[in-house]
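Residue numbers (the working numbering): 18 to 119.
We treat Cβ as the ideally placed atom computed from N, Cα and C, and that holds for glycine.
This one's a predicted model, so the numbers in the text were calculated from it and none came from an experiment.
Below is one structure; the comments refer to it alone.
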């Protein structure tokens, strides 16, 4: 279910961005921020909505490598969810956008 949450959040975000056009003009930067806020509010409670594999992978790697006293496990067995969910969601959004253009 967490993979599905990451997939849906990233799909929605990328699909909206692809359909905004030039999102650096007018009020579109505000719209991008509001989309991120809405996605975070709706789907962020399950996984923290990575939307980007680097948001999970980099801290997990640093936590594994750095000598933190009394640290727990890095949970690498779960790392595939925030890595593959956003990648699959973004690829699916790009594919859907290509289908809509055709």
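### Query
So, is residue 98 buried or exposed, given that buried needs 16 or more other C-beta atoms within 10 angstroms?
The sequence position of residue 98 within the chain shown is 81, counting from 1. Residue 98 should be labelled buried.
Residue range of the alpha helix (DSSP H) that residue 45 falls in?
-> The sequence position of residue 45 within the chain shown is 28, counting from 1. For residue 45, the enclosing alpha helix (DSSP H) begins and ends at 45 to 64.
What is the DSSP secondary structure of residue 120, reduced to helix, strand or coil? No answer is possible for residue 120: it lies beyond the span of the chain, which begins at 18 and ends at 119.
Euclidean distance between Cα positions of residue 54 and residue 35: Counting from one through the chain shown, the residue named residue 54 turns up at place 37. Counting from one through the chain shown, the residue named residue 35 turns up at place 18. If I take the Cα positions, the gap works out to 18 Å.
Pick from 41, 28 and 67 that is closest to residue 113, judged by C-alpha positions: By 1-based counting over the chain shown, the position of residue 113 is 96. Answer by Cα proximity: 28.
Could you give the first and the last residue of the continuous alpha helix (DSSP H) run that contains residue 102? Residue mapping note: residue 102 aligns to position 85 of the chain shown, counting from 1. Here the alpha helix (DSSP H) through residue 102 covers 97 to 118.
With a threshold of 8 Å on Cβ separation, who are the neighbours of residue 93 within its own chain once the five nearest residues in sequence on each side are excluded?
The residue labelled residue 93 in the question sits at position 76 within the chain shown. These residues qualify, in order along the chain: 77 and 81.
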